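>
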Ligand code: NAD
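In the numbering used here, the protein residues as written are 2 to 258.
(1) Three or more C-beta pairs closer than 8 Å, one from the region 90-110 and one from the region 123-137: is that the case here?
(2) Which two residues bound the contiguous alpha helix (DSSP H) that contains residue 163?
(3) Taking the CB atoms as reference points, tell me whether residue 82 and residue 132 lie closer together than 8 Å.
(4) Where DSSP assigns a beta bridge to residue 224, which residues make up the other side?
(5) Under a Cβ-count criterion, where at least 16 other Cβ atoms within 10 Å of its own Cβ denotes burial, should residue 178 be classed as buried or exposed?
(6) To which residues of the same chain is residue 263 closer than 6 Å at the C-beta, ignoring the five residues directly before and after it?
(7) Say the cut is 7 Å; is the CB of residue 94 nearer than that to a heavy atom of ligand 1?
(8) Under DSSP, the beta strand (DSSP E) around residue 1 begins and ends at which residues?
(9) Could you check where the alpha helix (DSSP H) with residue 25 kicks off and where it finishes?
(10) Please report the distance separating the alpha-carbon of residue 142 from that of residue 216.
(11) For residue 61, verify whether its CB is less than 7 Å away from any heavy atom of ligand 1.
(12) Does any heavy atom of ligand 1 sit closer than 7 Å to the C-beta of residue 208?
(13) Keeping to the same chain, check which residues put their C-beta closer than 6 Å to that of residue 162; ignore five residues upstream and five downstream.
(14) I'd like to confirm the pairing. Which residues does DSSP put opposite residue 250 in its beta bridges?
(15) Please state the DSSP three-state secondary structure of residue 196.
(16) How would you write the range of the alpha helix (DSSP H) that residue 71 sits in, first residue to last?
(17) Considering only the alpha carbon of each residue, which of 246, 238, 233, 218 lies closest to residue 253?
(18) Whole angstroms is fine: what's the gap from residue 137's alpha carbon to residue 183's?
(19) For residue 92, which beta-bridge partners are listed by DSSP?
(20) Does the region 155-175 come close enough to the region 235-247 that 3 or more CB-CB pairs lie under 8 Å?
(21) Drop a sphere of 10 angstroms on the beta-carbon of residue 69, count the other beta-carbons inside from all chains shown, and report buried for 16 or more, exposed for fewer.
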């Protein structure tokens with residue numbers, strides 16, 4: 002018996018990185034998983050490679066969608082329900098960065114980041130809550146970041162990620178009476194293509210960039226998608242049914258000061 006037997010989980014941005022790590026963990030624990038990603042062929046490939054727990058009737062699907070677009074989101078949720086038979090868990094994980102110091106940050110840099118993180122989480126949560134409220138059951142896990150607390154060169158991303166913490170608290174208040182838990186995870190440095198791209202941008206090798214991140218972290222290592230997956234699996238499970246509106250920092254203690 003897995004914690005997610007009979008459950009359908011939708012994870013945005015799950016074609017790779019943290020989302021794929023979470024999708025794998027949920028699938029291992031019995032869930033049917035919808036991998037929703039802007040990159041449709043990568044979403045299909047990742048979904049096809051997800052495990053199916055022994056003896057489980059779970060199935061997975063890959064769906065191409067832009068979380069920042071209302072029509073695309075509605076169509077994605079409709080497909081999940083039609084293909085996988087319902088929806089119980091939503092993880093708003095899709096994300097991008099457009100880093101720059103304020104004086105060089107363009108209006109496009111600002112709008113793109115707000116659109117994917119904030120509007121994307123809003124649209125996906127709104128589409129999912131119809132089903133969650135009707136069945137009086139649902140779990141939403143948003144993905145914030147330690148950058149919410151402030152990070153040079155990330156005014157747009159930091160504002161969006163702290164915005165998600167307020168969004169999480171508010172949905173916790175609104176949806177709690179309907180059997181819906183809403184929480185967030187704020188990852189620290191996680192080794193993915195996103196952080197590899199940052200290394201390239203600051204002119205460092207991936208190895209040196211990860212080593213530097215590990216050195217100023219109390220646990221002296223970087224994080225991996227599996228670290229976020231473990232926390233997400235707990236928050237999306239019924240063991241966490243008395244927890245709502247919270248942001249859990251999964252960062253090796255880097256924000257402790
Ligand atoms: P990643 O770049 O490896 O993966 C992000 C995925 O999101 C990609 O597959 C991409 O195609 C998808 N995506 C982007 N825009 C989309 C859209 N409009 N609609 C649908 N899908 C879209 O990134 P990651 O490192 O796995 O990050 C995942 C989440 O975790 C993001 O929200 C990120 O901000 C957050 N986060 C990452 C770190 C880290 O250190 N990697 C730290 C804190 C928070």
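Beta carbons are placed, not taken as given, at the ideal position from N, Cα and C, and that holds for glycine.
Every value quoted in this text rests on a predicted model; they were computed, and no experiment measured them.
Let me spell this out:
(1) When Cβ pairs closer than 8 Å are counted between the two stretches, the region 90-110 is seen to touch the region 123-137, the count reaching three or more.
(2) Taking the chain shown and counting its residues from 1, one reaches residue 163 at position 162. Element bounds for residue 163: 156-176.
(3) Along the chain shown, read from residue 1 onward, the residue named residue 82 stands at position 81. Along the chain shown, read from residue 1 onward, the residue named residue 132 stands at position 131. Contact flag set, yes.
(4) Taking the chain shown and counting its residues from 1, the one referred to as residue 224 is at position 223. DSSP, once it has assigned bridges, lists 191 as partnering residue 224.
(5) Translated into positions along the chain shown, residue 178 becomes position 177. By the 10 Å Cβ count, residue 178 comes out exposed.
(6) There is simply no residue 263 to check, as the chain begins at 2 and stops at 258 in what is shown.
(7) For this step, residue 94 is matched to residue 93 along the chain shown. Yes.
(8) The first residue shown for the chain is 2 and the last is 258, placing residue 1 beyond what the model contains.
(9) Counting from one through the chain shown, the residue named residue 25 turns up at place 24. From DSSP, the alpha helix (DSSP H) with residue 25 extends over 18-29.
(10) Indexing the chain shown from 1 puts residue 142 at position 141. Indexing the chain shown from 1 puts residue 216 at position 215. When rounded, the distance between both Cα atoms is 29 Å.
(11) For the purposes of this step, residue 61 is taken as residue 60 along the chain shown, with counting starting at 1. No, Cβ of residue 61 sits at least 7 Å from all heavy atoms of ligand 1.
(12) Translated into positions along the chain shown, residue 208 becomes position 207. Taking the Cβ of residue 208 as the reference point, every heavy atom of ligand 1 lies at 7 Å or farther away.
(13) One-based indexing of the chain shown puts residue 162 at position 161. So the qualifying residues of the chain are 145, 146, 148, 149.
(14) The residue you call residue 250 lines up with position 249 of the chain shown. Answer by DSSP bridge pairing, in chain order: 187.
(15) Residue numbering aside, residue 196 sits at position 195 when the chain shown is read from its first letter. Note: residue 196 maps to helix in three-state DSSP.
(16) Position 70 of the chain shown, counting from 1, holds the residue named residue 71. Counting along the chain, the alpha helix (DSSP H) containing residue 71 begins and ends at 71-85.
(17) If you number the chain shown from 1, residue 253 lands on position 252. For residue 253, the nearest C-alpha among the options comes from 218.
(18) Within the chain shown, the letter at position 136 stands for residue 137. Within the chain shown, the letter at position 182 stands for residue 183. Roughly 13 Å separates the two Cα atoms.
(19) The residue given as residue 92 occupies position 91 in the chain shown. Paired residue(s): 12, 142.
(20) Under the Cβ criterion (8 Å, minimum of three pairs), the region 235-247 counts as touching the region 155-175.
(21) Counting from 1 along the chain shown, the entry for residue 69 is found at position 68. Buried, because 16 or more other Cβ atoms sit within 10 Å of the Cβ of residue 69.
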